[in-house]
Structures are given as structure tokens and as C-alpha cells.
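As C-alpha cells, the structure follows; a few thoughts come after it.
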Amino acid sequence: MSTDRAPIRILSVDDHPLLREGVAALLAGQPDMTLVAEASNGREAIEQFRKHRPDVTLMDLQMPEMNGVDAIIAICAEFPAARIVVLTTYTGDVQVLRALKAGARAYLLKGLLRKELLDTIRLVHAGQKRILPEVATQLAEHATDDSLSAREIEVLRLVSGGNANKEIAAQLTITEETVKGHIKNILAKLGANDRTHAVTIGLKRGIIEL
Amino acid sequence: MTGTFWISTGKSAAQFLLGIIGLALITLAAVWLHLQPGSISLLYLIVVVFVSLRAGLLSSLAVSLIAVVCLHNYFLPLLSPTGTKNPLAIVAAAAFLTTAWAITAMVARVRKLTEAQLILRFEERLAERTRIARELHDTLLQSFQGLMLNFQAVYDSLPSGQAKEALEKVLDRADQAIMEGRDAIQNLRSSTTTTNELAQAMAALGEELSSVHDGGGSPTLRVSIEGTPRELHPILRDDIYRIACEALRNAFRHAQANKIEADITYGERLLRLRIRDDGKGIDPKLLNAGRDGHWGLPGMRERAEQMGARLDIWSEAGLGTEVDLRIPGTVAYGTEGSR
Chain A
2 MSTDRAPIRI
12 LSVDDHPLLR
22 EGVAALLAGQ
32 PDMTLVAEAS
42 NGREAIEQFR
52 KHRPDVTLMD
62 LQMPEMNGVD
72 AIIAICAEFP
82 AARIVVLTTY
92 TGDVQVLRAL
102 KAGARAYLLK
112 GLLRKELLDT
122 IRLVHAGQKR
132 ILPEVATQLA
142 EHATDDSLSA
152 REIEVLRLVS
162 GGNANKEIAA
172 QLTITEETVK
182 GHIKNILAKL
192 GANDRTHAVT
202 IGLKRGIIEL
Chain B
-9 MTGTFWISTG
1 KSAAQFLLGI
11 IGLALITLAA
21 VWLHLQPGSI
31 SLLYLIVVVF
41 VSLRAGLLSS
51 LAVSLIAVVC
61 LHNYFLPLLS
71 PTGTKNPLAI
81 VAAAAFLTTA
91 WAITAMVARV
101 RKLTEAQLIL
111 RFEERLAERT
121 RIARELHDTL
131 LQSFQGLMLN
141 FQAVYDSLPS
151 GQAKEALEKV
161 LDRADQAIME
171 GRDAIQNLRS
181 STTTTNELAQ
191 AMAALGEELS
201 SVHDGGGSPT
211 LRVSIEGTPR
221 ELHPILRDDI
231 YRIACEALRN
241 AFRHAQANKI
251 EADITYGERL
261 LRLRIRDDGK
271 GIDPKLLNAG
281 RDGHWGLPGM
291 RERAEQMGAR
301 LDIWSEAGLG
311 TEVDLRIPGT
321 VAYGTEGSR
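For the protein sequence lines, the chains are A and B, in the order given.
Take the first sequence: its position 24, counted from the start at 1, is 25 in my numbering, and no numbers get skipped.
Take the second sequence: its position 169, counted from the start at 1, is 159 in my numbering, and no numbers get skipped.
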């Protein structure tokens, strides 16, 4: 641990207070790190980032008001050198890709934070990227898959909400036939047997959220 | 109900034809017997209702119109001298049509309502599961993950020694438990069977059960399908699969069977699942009382009742057990069943 240098300044973003508390407790024991601010959604994260210019930002993805990916996009557009670590519960190649494309430097699972968080903060601060092996495997597995279109993702999200084709058609103001066509494409692209299976795969791969 | 409804289904068309033949026979008989228009229109009504029950709204509308034409042309002229227009004829025709359509619409409505109620019940349960999964994810899981970080902070501050080592092990176990919880929450959202093919799912389960069966002597399972497998609602499929699981588990674990047979029949009006074994049978007292915690019989019955199916369990000491689950086609295949 290099104590002679200035400590790494950290912004912690998560909508769940107990998780922020845990991160704070863990960081408090590290002489080379200091927690400069916290935020509970994407919008607050952008504000806090502007105010504090942290060295490393820890970002949750599922948050109310503004989600993590949108916040990452906004922050990286304004501050291209921002170093952001994504913290989330589930692996899912699509969700990982979205976050990385938005500009995240590392992707961590909340279940592994205890052992991985501090090292990852140091690595990312030193300018490196970090993706855990279990996440990387998922990414590789689907690297050549056809990705769903924005409309297909929307349809899948509505299917996961328990909507019938007719209701989906009404909500998207398209015909029921078009919905059926979308669903056929979704099943083919995901290699799913039926709607429920497609939702399961969608959740596992982070195409849609719980 | 759309125009293609009765044209596209051969069965409905046949019912429609049957209705027309019925009308013709009644007309002939009425002319032969010189029946009063009142009793004839009553007979016609019966035919119209029959057609609306079997072949749908459009067919019955068509049949009732034909009935009015028959009534008008053959019987009402009997009451009035030929060549003059009888205002009574128009009133009678209108009354007949109104009655016929009112009955038809009522039948269609009741039918649609029951189907809608069933679908709603499925959707409600799916929505409920989603809600539970989301709640667990947002509260319990996040809290535990946060607490684990707090524990780690405490761990870091401890001097090395036995206590620290012990805590490390506990924390690792806790990590595992949380991971399992996370996966369970994700699975709440998904179906127990990822394949719509019940037979496949059951065969897979059979393989699993026989692999955990101690040593040799594991019974053989043969799964067969009759009819063309059809799309089932995920919740319903889950329910059927769970009943099948219970029956198969009983056969594998308790029955001491040599052979287990499972038949799935995708009939037009009935989806039927039969699971038979040649084991020692279930004690009749148990079968009737359905004692809790063993065999899982009450659970099977409850599930069957909830989905509107009929479950019969037959068993005799030394002769084996047969579980027979019958689900009406309207429930099993949903509203768009008559494709």
C-alpha cells in the first residue's frame, strides 16, 4: 500500500442504504482510499461527480429515477477520463456489454465485493480495466449471437410483465400480428422454446431486469 | 370472435351443417304435422342454441336467420290469406330473432367470461411471483450484500489468529448462501421446466430420480405421447409438471416398482396424464385420508383443483398405483385452442 501518495477519492452510488454503508465501512479501513461522496440514483451521481471529481466511481445499475448505464453515459460524455466501476447483482452478457460500451472500466458482482472491491479500485485507479472471469466467460459465450433490436427488447420486457399479445399490441400501438412476429424473432435469436423460456434467458443475460 | 372463427374450423363447420339439417327436418315435420308457428319457433330456438354452443356465434346467427326465413315463408302464410302482408308476421319474426340472438349472446358471454377468468388467474399468479422476486431482490438481497461488506470491514480490523480464521470460513459460507438466494430469486421468475415438452421434462426427471436411486433395482420409466403436443400456459405447465413430479417421486421412492409408465394424451377436449407403476401400492387409508407430509397427495389434489382439472388416484396393495390427471381442453390450451 502506497501511503505516501494522496488517497484515492471515491464516489459510491447505490440506491440501497445498507449497501452504501457496507462500502463505506470497508473503505474506512483503507488508508489509501477515502470516500468523498455518496449518491442514491443516476441523477445525483452526475451532480456529485461534477462537484467532487472523484478518482473512482462505484456505480450500481438498477436505480430509480436514472439508472446506472445512463449515468455512466452522461458522466463519460462530460468527463472522458472518468473511472467507473459497475457493481451489480447479476451477470448477464448484455448488461455487461451495455455498461462497458457506456464507458465503465470494471464490472463487479455484489456477491464478490468483499474480496474483489479494494483490489479492483486500485487497479482501475492505476488505469487498468477489470472483468471477472465468470463475467468474461458469459461475454465470450454470446459474442457472436444476434442481438435483439430495441423494439424486441421492449416486447420482451412487456412479455416478462405477464402481458398477453393483445395487451402488448395496445401498449406499443402496433398490431397483434406484428407482436407475434417480434416474439418469433426473439425466440429464434435467444434460442428459446417459448415465451417463459425467453423471459428466463432475457433475465439471465441481462437483456431485461427483474 | 372473428369471421374466420367458424370457417377455419372443420369441427364448427360440421356443427353448423348439423344445425341446418336440424332446421330442415323440423320444417319438413312441421309442414307434415301442421304445427302452429309458436311451437315451431320453439323447436328452431333449440337448434339455434345448440349451434351457438357447439359452433360459435356467427354460425348460430346464420342459422337463426335461415330459421326466420323458413318461419316467414312456410308457416306465417298459413295464418293469413295469401297475397296480403300480415303485420303479425313481421312482429313474430322480429321476436324470434331477438330471442335467438339474446340467448346466443348470453352463451357466448358466459363462455368468454370463464375463459377470461382462468387466464386471469394464471396471469395473477405470474404477476405475484414477479412481485415477490422483485421485493426479495430489492430488500433482502441488497441488505445482505451490504452487511457482508460490513463484516469484511470488521474482519480486516481483527488481529490475525483463530477467531479471524473462523470468521473467514463463516463469511465464505455466507457468500455461498447469498449466492444461492440470488439464484433462487432469479428462478422465481422462470418456469421450472424450460422446455414446453412435458414428456421431455418428465423423462429428464425420471433419469435424475433413477440416478439417485441407491444401487441397482431402479425402476424403468417409459414416457409416451398420444396426439400432437400443444402449447400450454407456463403456469399450467408448471402445475402439471409438479403433479407429475410428485407422482414419479412416489413411484421411484416408495412404491418399490419395477416398471413405471407415463402416458400423455393431447386430446381435442382433454389433456390427460396417466402415471402407472407396478409397485406395492398405497395404503388405502392413506389414500383416502391423504396424511400430510407423505406421498404429497394433498398437494397434488390441491393443485389439480386449482387448475380446474380432475385427479383420480387408484391403488391396490400389491397391484401398483395409477394417477390419472384430466384437464379440460378449454383450460389446457387456452382461448385460442380452436386453431
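All C-beta atoms in this analysis are idealised placements derived from N, C-alpha and C, irrespective of residue type, glycine included.
On a predicted model such as this, the values are computed, not experimentally measured, just so you know.
Query: Span of the alpha helix (DSSP H) around ALA141/A; Result: 134 to 142
Query: Backbone CA spacing between LEU191/A and GLY257/B [nearest angstrom]; Result: 31 Å
Query: Cβ-based contacts, 7 Å cut-off: residues of the stretch 107 to 118 of chain A near chain B; Result: LYS111, GLY112, LEU114 and ARG115
Query: The alpha helix (DSSP H) enclosing ALA45/B, as first and last residue numbers; Result: 27 to 45
Query: Chain-order list of residues whose beta-carbon lies under 6 Å from that of SER50/B (same chain, five-residue window excluded); Result: VAL38, VAL41, SER42 and THR94
Query: Check: GLN129/A C-beta below 7 Å from any heavy atom of the ligand FMN; Result: Questions concerning the ligand FMN fall outside what the structure shown contains, since it holds no ligand whatsoever.
Query: Boundaries (first-last residue) of the beta strand (DSSP E) holding ARG196/A; Result: Per DSSP, ARG196/A belongs to no beta strand (DSSP E); it is in the alpha helix (DSSP H), 196 to 205.
Query: MET60/A vs VAL14/A beta-carbon contact at 8 Å; Result: yes
Query: Those runs of the alpha helix (DSSP H) which lie wholly inside the stretch 65 to 106 of chain A and span at least 4 residues; Result: 69 to 79 and 94 to 103
Query: Helix, strand or coil at GLU306/B [DSSP, three-state]; Result: strand
Query: Same chain only: Cβ atoms within 8 Å of LEU159/A, ignoring 5 sequence neighbours per side; Result: GLU168, ILE169, GLN172 and LEU173
Query: Cβ contact (3+ pairs, closer than 8 Å) linking the stretch 191 to 200 of chain A and the stretch 19 to 30 of chain B; Result: no
Query: Contact the stretch 22 to 36 of chain A vs the stretch 60 to 76 of chain A: 3+ CB pairs below 8 Å; Result: no
Query: Residues sharing a beta bridge with ALA14/B, DSSP; Result: Note: ALA14/B sits in no beta bridge, so no partner.
Query: Nearest-angstrom beta carbon gap, GLU251/B and ARG266/B [assumed within contact, 8 Å]; Result: 5 Å
Query: Proximal chain A residues relative to ILE168/B, where beta-carbon distance stays under 7 Å; Result: GLY112
Query: Alpha carbon of CYS60/B to alpha carbon of LEU108/B, nearest angstrom; Result: 40 Å
Query: Inter-residue spacing [alpha-carbon to alpha-carbon] between ARG332/B and ASN42/A; Result: In the structure as shown, chain B starts at -9 and stops at 329, and residue 332/B therefore has no counterpart that could be examined.
Query: Unbroken stretches of the beta strand (DSSP E), 3 residues or longer, contained in the stretch 135 to 221 of chain B; Result: 210 to 216
Query: Buried/exposed call for THR88/B, threshold 16 Cβ in 10 Å; Result: exposed
Query: Partner residues on chain B for GLY30/A, Cβ-Cβ distance less than 7 Å; Result: ALA143, ASP146 and SER147
Query: Beta carbon proximity, GLN132/B to chain A, threshold 8 Å; Result: yes
Query: Interface residues of chain A facing THR89/B [CB-CB closer than 8 Å]; Result: The contacting residues do not exist; THR89/B stays about 32 Å from chain A at best.
Query: Same chain, Cβ closer than 6 Å to TRP304/B, neighbours up to 5 away in sequence not counted; Result: GLU312
Query: Within chain A, partners of THR120/B - CB distance below 9 Å; Result: SER161, GLY162, GLY163 and LEU211
Query: Any C-beta of chain B under 8 Å from that of GLY23/A; Result: yes
Query: Coarse secondary structure for ASP147/A, derived from DSSP in three states; Result: coil
Query: Identity of the residues DSSP links to ALA40/A by a beta bridge; Result: VAL14/A
Query: Assumed close pair LEU157/A, ILE187/A - CB separation to whole angstroms, cut-off 8 Å; Result: 6 Å
Query: Stretch-stretch touch, CB-based, cutoff 8 Å, three pairs: the stretch 118 to 127 of chain A with the stretch 137 to 157 of chain A; Result: no
Query: ILE225/B, enclosing alpha helix (DSSP H) - first and last residue; Result: 224 to 243
Query: Integer-rounded CB distance, given that VAL95/A should sit under 8 Å from ILE184/A; Result: 18 Å between Cβ atoms; not a contact.
Query: Cβ distance (whole Å) where LYS1/A is taken to contact GLY112/A below 8 Å; Result: Residue 1/A falls outside the range modelled here, since chain A spans only 2 to 211, and no answer is possible.
Query: Proximity test, Cβ basis, 8 Å: GLN176/B and chain A; Result: yes
Query: Cβ-based contacts, 9 Å cut-off: residues of the stretch 139 to 161 of chain A near chain B; Result: SER161
Query: Selection of the stretch 125 to 137 of chain A by Cβ proximity to chain B, strictly under 7 Å; Result: none
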